[in-house]
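To convert, take the position in the sequence shown, counting from 1, and add 4; that gives my numbering.
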Amino acid sequence: MKAAVITDIGGVPRTEMVSDPSLPGESKVLIRVEATALNSIDLHIAAGHHRAGRPRLPYIPGMESVGVVVDGPDAGLRVRAMTAAGLAPGVEGGLAELQVVDRAACVPVPDGLSSEAAAAIGVVGTAADLALRKAALKPGESVLVLGATGPFGNAFLQLAKRTGAQRVIAAARHRDRLARLTHADAVAVLGEEPLPQQLEQHGGPVDLVIDPVWGQWAAPALRCLKPGGRYLNVGAAAGDGLPFSVELLRAAQLTLIGFSSAGARLPDVLASYERVAALALAGSLSLPTNTFPLDEAEHAWTAQTSSPGAKIVVVA
C-alpha cells in the first residue's frame, strides 16, 4: 500500500510503498482510509516535542482519520478513528491507504457527511465542544475568541453562537482573514489598537475569553473580561510565557480555566464527535478545508506548518 512515512525527527512524511498491515487481535479493525486531517499535534510529535517523548521511527503520522472498516467487527461501517501515531511502538497514523485502529476509538460517521468534512471537524470540533462545556458558557453571555481565523478558533466561534452566546467577537492578526469570517458579531485586530479599547467599540468587556494562542496576547485579553469573568486557555501557539500582574485576577475576581483534549475521557470525546458531526451534517458547523492527495502528503505537511487558516486534509 501507499503510505507517507517519517524517518527523521523533525522531518516531513514522504509517500512510499510499504507492506499492508494485518489485524493483531479482535479488538482492532482494519480501515480503508478515505481522509486524514492534519493537526498541530502531528507536527509536535514529529518534531520530538511531545511530552510523551520522541516518536518511534519510522512511523506513519496522522492521528485523525476517516475510513471504511474492511476487516474486523462492523465491516462496511464508515468511521472516524483516533490513534496515538508515533507515540507507541507499532501504532501508525492515517496517512496511508490502510490503517489498523482500536475499535473502541472509532465512532460512526453519519451518512451524507463527506469523509473530508468528517475528518476536518474532528479534533478541533470536539476540543472546542468539550472546552466550552467545561467553561460553562451560558446563553446570552458574551465571548472573545483569540486566534479566531484558524480552524480551532473558527470552531469556537460557531459553537459559541450555537450555544446561544449573545455577542461573539473574533480576534486575530490578519485583517483580511477576519473580514472573511461569517460567524462573528464583531472583529478585533491583534497588534493594532489595544484590545480592551477595541472591545469598547463592540459592547465592552466580555464574560468569557477563549484563548488558543497565549503569549503576548494573554495579558491584554485578561483585561477584556468583566468582573467575575472566565478565561479559558486551550493552547499556546504564540508562546508559553506570560508576564502579567496577578493582582488583576484578584481585583476582578477572574477565573482561569485550562483545557486539553489529551486529558479528556474517550467516552466524552466519542460523544462529542457525534454532536459536532450532527451539526456538520445539518450545515451548522463547517470549516474551510484544503485537500491534498496522499501522493502530495509532503506538501500538505508543509502547508500545515504555515498557519494556513484552513484545515489540511489528505485524501487517499
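Backbone N, C-alpha and C define an ideal beta-carbon position, used for all residues, glycine too.
(Q) If the criterion is Cβ atoms closer than 7 Å, does the pair Arg279 and Asp78 meet it? (A) On the sequence shown, residue 279 is found 275 positions in, with the first residue counted as 1. On the sequence shown, residue 78 is found 74 positions in, with the first residue counted as 1. No, they are not a contact pair.
Q) In three-state DSSP terms, what is Pro297? A) Against the sequence shown, residue 297 aligns to sequence position 293. Strand, per DSSP.
(Q) Applying the 10 Å Cβ sphere with the 16-neighbour rule, what's the burial state of Pro143? (A) Here the question's residue 143 lines up with position 139 in the sequence shown. The residue in question, Pro143, is exposed, as its Cβ has fewer than 16 Cβ neighbours within 10 Å.
**Q.** Ser119 classed as buried or exposed, judged by whether at least 16 other C-beta atoms fall within 10 angstroms
**A.** For the purposes of this step, residue 119 is taken as residue 115 along the sequence shown, with counting starting at 1. The residue is buried, with at least 16 neighbouring Cβ atoms inside 10 Å.
Q: Please go through the same chain and pick out, in chain order, the residues whose beta-carbon is closer than 6 Å to the beta-carbon of Val16, but skip the five residues on each side of it.
A: Position 12 of the sequence shown, counted from the first residue, corresponds to residue 16. Result list for Val16: Glu302 and Trp305, in chain order.
Q) Among Leu298, Leu194 and Asp189, which one has its Cα closest to the Cα of Val317? A) Looking up residue 317 in the sequence shown gives position 313. Val317 has its Cα closest to that of Leu298, out of Leu298, Leu194 and Asp189.
Q: Tell me, please, whether the region 56 to 67 touches the region 135 to 149 by the rule of three or more beta-carbon pairs shorter than 8 Å.
A: no
Q) Any idea what DSSP makes of Asp133, helix, strand or coil? A) By one-based count along the sequence shown, residue 133 stands at place 129. Helix.
Q. Pairing CB atoms from the region 246 to 260 with CB atoms from the region 220 to 233, are three or more of them under 8 Å?
A. yes
**Q.** Whether Ala123 touches Ala39 by CB criterion (7 Å)
**A.** Locating residue 123 in the sequence shown gives position 119, where the first residue counts as 1. Locating residue 39 in the sequence shown gives position 35, where the first residue counts as 1. In this structure, Ala39 lies closer than 7 Å to Ala123 by Cβ.
**Q.** Contained beta strand (DSSP E) runs [length at least 3] in the region 40 to 85, N- to C-terminal order
**A.** 68 to 75
Q. Hey, would you say Ala241 sits closer than 7 Å to Val217, going by beta carbons?
A. In the sequence shown, counting from the first residue as 1, residue 241 sits at position 237. In the sequence shown, counting from the first residue as 1, residue 217 sits at position 213. Taking 7 Å as the Cβ cut-off, Ala241 and Val217 qualify as a contacting pair.
Q: Identify every residue that forms a DSSP beta bridge with Asn237.
A: Position 233 of the sequence shown holds residue 237. DSSP lists Asp215 and Gly262 as partners of Asn237.
Q.
Going by DSSP, what residue range makes up the beta strand (DSSP E) through Val167?
A. To locate residue 167, count along the sequence shown from 1; it is residue 163. Inspection of the sequence shows that residue 167 is occupied by Thr rather than by Val. Taken as a continuous stretch (DSSP letters only), Thr167 belongs to no beta strand (DSSP E), being part of the alpha helix (DSSP H) at Pro155 to Thr167.
Q. To which residues does DSSP link Gln103 through a beta bridge?
A. In the sequence shown, the residue the question calls residue 103 occupies position 99. Answer is Ile35, bridged to Gln103.
Q.
Within 8 Å, do at least three Cβ pairs link the region 282 to 301 to the region 261 to 272?
A. no
Q: Give the DSSP-derived three-state secondary structure of Thr306 in the structure shown.
A: In the sequence shown, the residue the question calls residue 306 occupies position 302. Helix, per DSSP.
Q. When the Cα atoms are used, what is the spatial distance from Ile173 to Gln205?
A. Here residue 173 corresponds to residue number 169 of the sequence shown, with the count starting at 1. Here residue 205 corresponds to residue number 201 of the sequence shown, with the count starting at 1. When rounded, the distance between both Cα atoms is 11 Å.
Q. For Val128, does the three-state DSSP call read helix, strand or coil?
A. Along the sequence shown, one-based indexing puts residue 128 at 124. Three-state result, Val128: helix.
Q | Residue closest to His187, alpha-carbon to alpha-carbon, out of Gly195, Ala159 and Val273 | A | Working through the sequence shown from its first residue, we reach residue 187 at position 183. The shortest C-alpha separation from His187 is found at Ala159.
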